[in-house]
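Trainee:
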């Protein structure tokens, strides 16, 4: 599925804002669309689906393209209570994923009394288990459907700026790529990208065959991953 600026997440509840902006017309958008149309983005493997977002709105800005590969069976097992979750709730889910089990009073001390409402929603949504006032995330493979999350930034020129933007995308993506109209003759950009874990692609070099290869991170590494995870349910349910 392709998500453009005409797509919005459910406004029930209204805490999830419009997730896309209208793409900026110009050569970089043409480059991104050509790359997508030429199968630069890998197809979803068996048992998975792919949803592609053009310029989604996230905390750090609007990456040109984000391709999300997700497990359909996992998503379809989620209860409708997931739709009641807020962005603050999924931030708390990521916190529990990192820290492990945690008692209520500790979280109240850290985040204030409002954390109790977030915990209640997470428990009702089947994402968090509670035992003797201690909370822990349910198995991640059951509550997190994303299996791969690719971010793409396109630059016709000023490739150093593009590299900076691609690095910024690593806070939420499992892989981040810089799309260029052609590969520069100088090896300097390639060496920098390799050091930073960024893949370089062109219309002739798709994601899975680029050099250098992008570093692949484990998911979820931030609450940004959860934002896409919850968007999927609001789009496909």
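Numbering (the working numbering), first residue to last: -8 to 228.
Where is the CB? At the ideal position from N, CA and C, for every residue including glycine.
#1: In chain order, which continuous runs of the alpha helix (DSSP H) of length 4 or greater are located wholly inside the stretch 169 to 204?
#2: Where do the ends of the alpha helix (DSSP H) carrying residue 230 lie?
#3: Would residue 142 and residue 36 qualify as a contact pair, given that the criterion is a beta-carbon distance under 8 Å?
#4: Rounded to whole angstroms, what is the Cα-Cα separation between residue 167 and residue 57?
#5: Extract the residue ranges of the alpha helix (DSSP H) inside the stretch 45 to 97, only unbroken runs of 4 or more that lie entirely within it.
#6: Determine the direct distance from the alpha carbon of residue 50 to that of residue 155, and round the result to whole angstroms.
#7: Give me the Cα-Cα distance between residue 5 and residue 186, rounded to the nearest whole angstrom.
#8: Please name the residue in 160, 201, 162, 165 whose C-alpha comes closest to that of residue 173.
#9: Grouping DSSP H, G and I as helix and E and B as strand, with all else coil, what is residue 27?
#10: Comparing C-alpha positions only, which one of 95, 111, 212 sits nearest to residue 131?
#11: Skipping 5 residues on each side, what residues in its chain have a beta carbon closer than 6 Å to that of residue 83?
#12: Counting C-beta neighbours from all protein chains within 10 Å, is the total for residue 124 16 or more, i.e. buried, or is it exposed?
#13: Whether or not the stretch 109 to 121 and the stretch 58 to 66 are in contact is what I'm after, with contact meaning three or more pairs of Cβ atoms, one per stretch, closer than 8 Å; do they touch?
#14: Restricting to Cα atoms, I'd like to know which of 39, 48, 43 is closest to residue 31.
#15: Rounded to the nearest angstrom, what separates residue 177 and residue 183 at their Cα positions?
#16: Counting only runs of 4+ residues fully inside the stretch 95 to 129, write out the alpha helix (DSSP H) ranges in chain order.
#17: From what residue to what residue does the beta strand (DSSP E) around residue 145 run?
#18: Between 61, 27, 38, which has its C-alpha nearest residue 219's C-alpha?
#19: Looking at residue 139: is its Cβ nearer than 8 Å to the Cβ of residue 105?
#20: Determine the direct distance from the alpha carbon of residue 148 to that of residue 2, and round the result to whole angstroms.
#21: Measuring alpha carbon to alpha carbon, tell me which residue in 224, 150, 221 is nearest residue 189.
#22: Roughly how far, in whole angstroms, is the beta-carbon of residue 171 from the beta-carbon of residue 191, given that I think they are within contact range, below 8 Å?
#23: Relative to the alpha-carbon of residue 95, which residue among 89, 103, 26 has its alpha-carbon at the smallest distance?
#24: Tell me whether residue 28 is buried or exposed, calling it buried when 16 or more other Cβ atoms sit within 10 Å of its Cβ.
Mentor: Straight from the coordinates:
#1: 179 to 187
#2: Only positions -8 to 228 of the chain appear in the structure, and residue 230 is not among them; the question remains open.
#3: Against the chain shown, residue 142 aligns to sequence position 151. Against the chain shown, residue 36 aligns to sequence position 45. In this structure, residue 36 does not lie closer than 8 Å to residue 142 by Cβ.
#4: On the chain shown, position 176 is the one that residue 167 refers to. On the chain shown, position 66 is the one that residue 57 refers to. Residue 167 and residue 57: Cα-Cα distance of roughly 9 Å.
#5: 63 to 67, 78 to 90
#6: Residue 155 sits at position 164 when you count from the first residue of the chain shown. Residue 50 sits at position 59 when you count from the first residue of the chain shown. Rounded to the nearest angstrom, the two C-alpha atoms are 16 Å apart.
#7: For this step, residue 5 is matched to residue 14 along the chain shown. For this step, residue 186 is matched to residue 195 along the chain shown. Because residue 5 carries a pLDDT of 37, less than 50, the predicted location of this residue cannot be relied on, and the following value inherits that uncertainty. Near 41 Å, if we compare the C-alpha coordinates of residue 186 and residue 5.
#8: For this step, residue 173 is matched to residue 182 along the chain shown. It is 201.
#9: Walking along the chain shown from the start, residue 27 turns up at place 36. Residue state, collapsed to three classes: helix.
#10: Mapped onto the chain shown, residue 131 falls at position 140. Nearest option by C-alpha distance: 212.
#11: As a first step, residue 83 is located in the chain shown; it is residue number 92 there, counting from the start. Within the same chain, residue 83 has close Cβ partners 109.
#12: Walking along the chain shown from the start, residue 124 turns up at place 133. Looking at its Cβ environment, which holds fewer than 16 other Cβ atoms inside 10 Å, residue 124 is exposed.
#13: no
#14: Taking the first residue of the chain shown as 1, we reach residue 31 at position 40. Closest by alpha carbon: 43.
#15: As a working mapping, residue 177 is identified with position 186 in the chain shown. As a working mapping, residue 183 is identified with position 192 in the chain shown. A direct Cα-Cα distance of roughly 11 Å separates residue 177 from residue 183.
#16: 95 to 102, 106 to 115
#17: Stepping through the chain shown from its first residue, residue 145 is reached at position 154. From DSSP, the beta strand (DSSP E) with residue 145 extends over 137 to 145.
#18: Walking along the chain shown from the start, residue 219 turns up at place 228. Here the closest residue by C-alpha is 61.
#19: Numbered from its first residue, the chain shown carries residue 139 at position 148. Numbered from its first residue, the chain shown carries residue 105 at position 114. Their beta carbons are not under 8 Å apart, which means residue 139 does not touch residue 105 by this criterion.
#20: What you label residue 2 is simply residue 11 of the chain shown in a count that begins at 1. What you label residue 148 is simply residue 157 of the chain shown in a count that begins at 1. Only weak support exists for where residue 2 lies, its pLDDT of 38 falling under 50; the value from the coordinates is given anyway. Residue 2 and residue 148 have their C-alpha atoms roughly 38 Å apart.
#21: By one-based count along the chain shown, residue 189 stands at place 198. For the options 224, 150, 221, the alpha carbon positioned closest to that of residue 189 is the one of 150.
#22: As a first step, residue 171 is located in the chain shown; it is residue number 180 there, counting from the start. As a first step, residue 191 is located in the chain shown; it is residue number 200 there, counting from the start. The pair is a contact, with the Cβ atoms about 6 Å apart (cut-off 8 Å).
#23: Within the chain shown, the letter at position 104 stands for residue 95. Of the listed residues, the one whose Cα sits closest to residue 95 is 103.
#24: Taking the first residue of the chain shown as 1, we reach residue 28 at position 37. Looking at its Cβ environment, which holds fewer than 16 other Cβ atoms inside 10 Å, residue 28 is exposed.
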